[in-house]
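In terms of the working numbering, the sequence shown opens at residue 847 and continues consecutively.
Down below is the structure, laid out as structure tokens.
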Amino acid sequence: MASGSVTGKILSYIEANPNQNLTLERLAEELHYSKYYMARTFKKDTGMTLCKYIQGRRLEAAARELAETKRPVVEIALEAGYGSQQAFTRAFRREYGCTPWKYRRVGVFSAKYGQFSLRMNRQKPAAFAAYERSRMAA
């Protein structure tokens with residue numbers, strides 16, 4: 847994917863503005879493209895929707911906070927754009943295969959989306975697979 851492509855521009859904007867409330871409408875306005883064109887092009891180039899990618903990046907930032915700090919989960923959830931801890935926990939479990947508390951206990955951050963690296967597999971990070979095997983063996 848060329849850096850001058852629409853998808854490249856979208857990804858660059860998202861990476862440059864990680865703490866903004868990014869929506870499809872806002873991206874379209876900032877990048878001067880139709881939101882429909884951007885959504886179609888992003889999905890075609892990456893295999894995932896733009897909204898799913900943004901949500902994944904927010905969850906990834908939250909996962910880093912969980913692994914590297916002792917901040918309360920509710921604060922991290924609100925900072926990640928979730929209206930409640932319950933909604934955050936559901937989304938986090940869907941993405942990472944475990945609760946935020948379990949992720950924090952393991953204490954190892956594992957990037958799922960990395961800059962311009964769109965890994966589409968939904969496998970658990972290796973640290974969790976090893977942790978779960980050791981728990982089942984015990």
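Idealized CB from N, CA, C, for every residue including glycine.
In this text, all values refer to a predicted model and were calculated from it rather than measured experimentally.
Alpha-carbon to alpha-carbon, residue j and residue i
i    : j    : result
F962 : K855 : Any reading at F962 must be qualified, since the residue scores a pLDDT of 48, below 50, and its modelled position is unreliable; the value itself is stated next. In a straight line, the C-alpha of F962 is about 11 Å away from that of K855.
A874 : K898 : 16 Å
V852 : F938 : 29 Å
R940 : L877 : 30 Å
K948 : S930 : 18 Å
P918 : F934 : 13 Å
K916 : Q866 : 23 Å
T945 : V920 : 13 Å
K889 : A908 : 24 Å
N863 : R950 : 26 Å
D891 : R936 : 28 Å
DSSP state of residue i mapped onto helix, strand, coil
i    : result
F962 : For F962, the predicted structure reports a pLDDT of 48, less than 50, and the residue's modelled location is therefore unreliable. The matter cannot be settled from this model.
S858 : helix
K916 : coil
T892 : helix
Q901 : helix
T945 : coil
Q926 : It should be noted that the sequence gives Ala, not Gln, for residue 926. Looking at A926 - three-state DSSP - the assignment turns out to be coil, as it is neither helix nor strand.
Own chain, CB closer than 7 Å to residue i, minus 5 neighbours either side, in chain order
i    : result
L868 : I860 and I900
A957 : E906
R910 : F955
K881 : L870, E871 and A874
Y879 : V852
Q932 : none
T887 : V852 and T853
Contact set for residue i: own chain, Cβ-Cβ below 6 Å, skip 5 residues either direction
i    : result
G927 : R904
Range covered by the alpha helix (DSSP H) that runs through residue i
i    : result
F938 : Q931 to Y942
V954 : Careful: V954 lies outside any alpha helix (DSSP H) and carries neither H nor E.
L870 : L870 to L877
Assumed close pair residue i, residue j - CB separation to whole angstroms, cut-off 8 Å
i     : j    : result
A1054 : V954 : Residue coverage of the chain in this structure runs from 847 to 984, which leaves residue 1054 outside it and unanswerable.
Close beta carbons around residue i, own chain, < 8 Å, minus the five adjacent residues each side
i    : result
M884 : V852, I856, L870, L873, A874, L877 and L896
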